[in-house]
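J.:
Numbering (the numbering used here), first residue to last: 758 to 1390.
1) As a quick exercise: from 1076, 917, 1300, 1086, pick the residue whose alpha carbon is nearest that of residue 985.
2) Among 1163, 1387, 1254, 1244, which residue has its Cα nearest to the Cα of residue 1005?
3) Should the region 1257 to 1266 be called in touch with the region 1231 to 1248, which here means at least 3 C-beta pairs below 8 Å?
4) Would you kindly check if the distance between the Cβ of residue 1380 and the Cβ of residue 1328 is under 7 Å?
5) Would DSSP call residue 796 helix, strand or coil?
6) Take residue 1262 as the anchor and find which of 1250, 1372, 1193 has the nearest alpha-carbon.
7) Cβ of residue 1340 less than 7 Å from any chain D Cβ?
8) Please specify which runs of the beta strand (DSSP E), each continuous and at least 3 residues long, are wholly inside the region 1066 to 1120, giving them in chain order.
9) Take residue 1391 as the anchor and find which of 1014, 982, 987 has the nearest alpha-carbon.
10) Which value, in whole angstroms, describes the spacing of the CA atoms of residue 1345 and residue 1196?
11) Which two residues bound the contiguous alpha helix (DSSP H) that contains residue 1373?
12) Mind reading off the beta-carbon distance from residue 1242 to residue 1227? Whole number of angstroms is fine, and I expect it under 8 Å.
13) Short of 6 Å in beta carbon distance, which residues of its chain neighbour residue 1383, apart from the five on each side in sequence? Order them along the chain.
14) Mind checking residue 930: buried by the 16 CB within 10 Å criterion, or exposed?
15) Could you tell me whether the Cβ atoms of residue 1082 and residue 1139 are closer together than 7 Å?
16) Which word fits residue 792, buried or exposed, when buried means at least 16 other C-beta atoms lie within 10 angstroms of its C-beta?
17) Measuring straight from C-alpha to C-alpha, what distance separates residue 1106 and residue 1377?
18) Could you spell out the range, first to last residue, of the alpha helix (DSSP H) harbouring residue 1007?
19) Put residue 1025 into one of helix, strand or coil per three-state DSSP.
20) Can we say the region 1199 to 1213 touches the region 1171 to 1185, given the rule of at least three CB pairs closer than 8 Å?
21) Around the Cβ of residue 779, are there at least 16 other Cβ atoms within 10 angstroms (buried) or fewer (exposed)?
22) What residue range does the beta strand (DSSP E) around residue 1054 cover?
23) Scan the region 1210 to 1253 and note each continuous beta strand (DSSP E) run of 3 residues or more that stays entirely inside, going in chain order.
24) Could you check whether residue 936 and residue 1020 sit closer than 7 Å to each other, using their CB atoms as the reference points?
25) Which class does residue 899 belong to by DSSP, given the choice of helix, strand or coil?
26) Return the first residue and the last residue of the beta strand (DSSP E) that residue 1309 is part of.
27) How many Å lie between residue 1011 and residue 1169 at the Cα?
28) Going along the chain, which residues of its own chain have a beta-carbon closer than 6 Å to the beta-carbon of residue 911, five neighbours each way excluded?
29) State the DSSP-derived secondary structure class of residue 1187, mapped to helix, strand or coil.
30) Alpha carbon to alpha carbon, what distance is there between residue 1033 and residue 1181?
31) I'd like to know if the region 1329 to 1338 and the region 1364 to 1377 are in contact, where contact means that at least 3 CB-CB pairs between them fall below 8 Å.
32) When you compare only the Cα positions, how much space is there between residue 909 and residue 821?
33) With C-beta atoms as the reference, is residue 1276 less than 7 Å away from residue 1114?
34) Report the rounded CA-to-CA distance for residue 1159 versus residue 849, giving the unit in angstroms.
35) For residue 1038, count neighbouring C-beta atoms within 10 Å of its own C-beta (all shown protein chains included) and say buried if the count is 16 or more, exposed if not.
36) Is it buried or exposed for residue 1279, if we count other Cβ within 10 angstroms and need 16 for buried?
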C-alpha cells in the first residue's frame, strides 16, 4: 500500500511538471488567445501570506509568452526593496518558441540600482529588474519571486486582465491569513469575466482573450476584473496604523505623517505675516501665500520617510527651496496656517484621465498630493496645485479636476470632490480680420482668448522663446502651409484665468487658382481635420472627460479684382455629443463673414454610440474644410 501511495505521488508530480513544460512553448497557446495579443500570461499565481500585521509574504509564479517588443512590458520581472521589503527569492528562466531553455537569470544576476526616477533627488528604495534583449520572438519567460514585507500598507491587488493586447491563459490569487488581523477586500467586475471563486479570497481566471485598445476607452480599472485587499491593522515602516474606513485611516495619516512636519522658523513666520498684513480677507491672504510659495520653490521628487508617504518638513522645504508634491503641499499648508487660513492636505490621483479615489474602500491609494482650502471665505473649496510655479490661484484643470480626493483633517479622512470645470466655461473665442490676396497668399490679424480647461493648453506659452513660439504655431496650425507669425502679443490674466493671444500672420499659399477662379476654405484658423478611427465592431464603451466650446468669428476681405461666386451653405448639427453650426455670409463689399461654433459635451457613451459620434466628427471636419469660390470680375 505504501509503495502504491509513493507511486501515485510521483505520477502526480510528473504530470504537473509535464503540464508546466507545455506552457514553455508558444505552440500550445490556444488560437483565440493569440488574437490581438502582444503577449499571453500563461500562468500567474500570486499567493499573499499574512503572518502578522507587520509580516506579509508575497509569492509569485509567473509564465509569460512574448510575441513582440510591445509585449515586453508583460514580463514584470522587477521588484523594489528596502529595509522593510526584502527579496527572499528571485529567478527567471528564458525559453525559445519550442520550449527549450536558453538562459537562466538568478537573483544576483538581475540589474540592481537605486529606485530613483528622473526628477528624484533622493530615495531610500532600490530595485532589481531583468534587462533582457531577446534574440527572437516569440519567447517565454518563467519568473518566480518571494518577498517579505514589514510595511504592510501596500498589499498587491489582483487584476487578471493586465493590459490591452494581453491575453490571460491562467491567473490565480490566494490570500492565506495566518494571523488575527482582519482583512478587508473589494471585488469588481468578476462576473463579467467568469472569474472562479475557489474559496475565501481565492480566485482563478482562465482563457481571457486580449482586449483591443480603442480610442476614448475608459480607464482599465473601471471595467476590468479587480480584487483589492487591505489589512485593517497594518504597519508602515514600523508605525502601526488602523484602516477600518476612511475616517480612521485619515486620522492615522494626520497623527503619524503630518503632525510633526509643519514647523516654520521664526523668521519665516514673521516674513509671511508681514507680506499678508495688508490683506483683509482669507482669500487675499491665501493668494499671497500661494504666490510666495510658487516664487521661492520648485518641484523635485523625494521618496523617503514612512514608505514615501510622509512629507519632508516645511522648514526643510523652505531651506532647500524644493520639494515633491507632498513636501510642497505640506509647506503651503504650514504657511496658510501661519496667517490663519484653514488648509488641508489631500491625496489624489493626478493625471489627464479622470480617476477617483475609491470612496468605498479605504486603503493606500493615489499618486499625488494637493492642498484644499475648505469653504474659503464661506464659499466653495479652493484647490491648489503646489508643484506648479505658474498655475493661477485655485486652477487645477487638466490634472486633478473633477475627481474624488482623500482630504486629511484633524478629525480624520473624508472623500471630497475636486473642482469641476463645466463645458460652458471651457471656452475658446477667436475673432480675425483676414485678407485674401490675388496671388493665393493670406494675411490676418487674430485675437484668441481661452478660459477654463482650455486655459491649460496655453499658459505654458509665457516661457517660450520666439523660436519656440514659431514652432508652436506651425504645429498648432499645421493645416496652414507656410504659416508665419509676424508679430505676437500674449497676455496671461491669472486673476481671471484668461489667456489672450493677439497675432499677425501670413500664409504663403492659402488659395488655389483654377482659370479665373480662386478656391479657398473660409474656416481659416480653428479647423477640425482629425476624424476618429473607424471601428466596425467596437467592443468598449467610451468617454469624453471634458466638454468645451469653440467660437470663431472671421471677416475675410477678398481681392478687388474678384467677386464672390459660391460660398458653402450654412450647417447646423445637433447630437447627444454636442452642437455645431457654421454660417458663411457674403457681404456686398466683397467681404465674407464666417461664424462658427462647436460645443462638445462630456459624458459616458455606449459602444453602440461610437459610429454616431464618429459621424458627428466627420460632418464637422467636412464643414470646416468646405470651399468657397471667388471669380475674376
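No residue lacks a Cβ here, since even glycine has one placed at the ideal position from N, Cα and C.
T.: Checking against the coordinates, here is how it stands:
1) 917
2) 1163
3) yes
4) yes
5) strand
6) Out of 1250, 1372, 1193, the CA that lies nearest to the CA of residue 1262 is found in 1193.
7) The structure shown contains no chain D; it holds only a single protein chain.
8) 1101 to 1105
9) Absent from the model: residue 1391. The displayed extent of the chain is 758 to 1390, so no value can be given.
10) 22 Å
11) 1367 to 1381
12) Correct: roughly 6 Å between the Cβ atoms.
13) 1325
14) buried
15) no
16) exposed
17) 34 Å
18) 1003 to 1010
19) helix
20) yes
21) exposed
22) Note, residue 1054: premise wrong, no beta strand (DSSP E); not H, not E.
23) DSSP assignment within the region 1210 to 1253 yields the following whole beta strand (DSSP E) runs of 3 residues or more, N-terminal first: 1240 to 1250.
24) no
25) In the structure shown, the three-state DSSP call for residue 899 is strand.
26) 1305 to 1314 is the span of the beta strand (DSSP E), which, as asked, contains residue 1309.
27) C-alpha separation (whole angstroms): 7 Å.
28) 1121
29) strand
30) Straight-line Cα distance between these residues: approximately 35 Å.
31) yes
32) Going by the C-alpha atoms only, they are around 28 Å apart.
33) In terms of Cβ geometry, residue 1276 and residue 1114 do not form a close pair [threshold 7 Å].
34) 43 Å
35) exposed
36) buried
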